[in-house]
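For what it's worth, this note's numbering labels the leading residue of the sequence shown as 1090, then goes sequentially. Quick reminder that beta carbons are idealized off the backbone N, C-alpha and C, glycines included. Read through the structure below, which is laid out as structure tokens, and then see the notes.
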Amino acid sequence: MTGLTPYLHFAGSAREALLFYQGVFGGDVELTTFADFGRTDGPSDAVAHGVLRGRVELFAADAAPGEETIEIRGVMFSLLGTAEPAELEAWFHALATGGRVVDALALRPWGDHDGTLVDRFGVTWLIGFEGEAHGKRQDD
């Protein structure tokens, strides 16, 4: 691992979230349950540690009783220019499924595209790319 990787704690939906993100970004999901770790502080099938490995990497777990769960305010996960424009557009629309678009992915006055959404798990994403969409320059 070479960079910052968010570690999200969910209220029982870590498996669902990681599989959702795998459907959006691709990659491989690895899950270890409470039972696998010998934990008895939650349901045996709860995720004690999970990871999405691939172009976008995330860690996730189900919070045990009394542990805090994901509540992110004033933070966006930025995927600006991290893939080709068509792929970023696909990610934006897939992440928006069941969530809420805050600001549509669109061409901005400064010549780049970006948009913001909150996915169905409460994570805010900023997705965009420089000046090109679908392999075509805006001034063509």
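- Taken in chain order, the complete beta strand (DSSP E) segments of 3 residues or longer contained in the segment 1161-1226 are 1166-1169, 1189-1196, 1201-1207, 1213-1219.
- When the five nearest sequence neighbours on each side are left out, the beta carbons in the same chain lying within less than 6 Å of the beta carbon of residue 1208 are those of 1184, 1188, in order along the chain.
- A contact between stretches requires three or more CB pairs, one per stretch, nearer than 8 Å, and the segment 1164-1182 fails this requirement with the segment 1126-1133.
- Apart from the 5 residues on each side of it in sequence, residue 1125 sits with its Cβ closer than 8 Å to the Cβ of 1137 in its chain, given in chain order.
- In this structure, the straight-line span from the alpha carbon of residue 1093 to that of residue 1141 is close to 13 Å.
- Among the bridge pairs identified by DSSP, residue 1155 is matched with none.
- DSSP places residue 1146 outside both helix and strand once states are collapsed to three, so it counts as coil.
- In the same chain as residue 1190, and ignoring 5 residues on each side of it, the C-beta atoms closer than 6 Å to its own belong to 1206, in chain order.
- A residue is called buried when at least 16 other Cβ atoms come within 10 angstroms of its Cβ; residue 1195 does not meet this threshold and is exposed.
- Fully contained in the segment 1095-1148 are the following alpha helix (DSSP H) runs of length 4 or more, in chain order: 1103-1114.
- Residue 1110 is classed as buried because its beta carbon has at least 16 other beta carbons within 10 Å across all chains shown.
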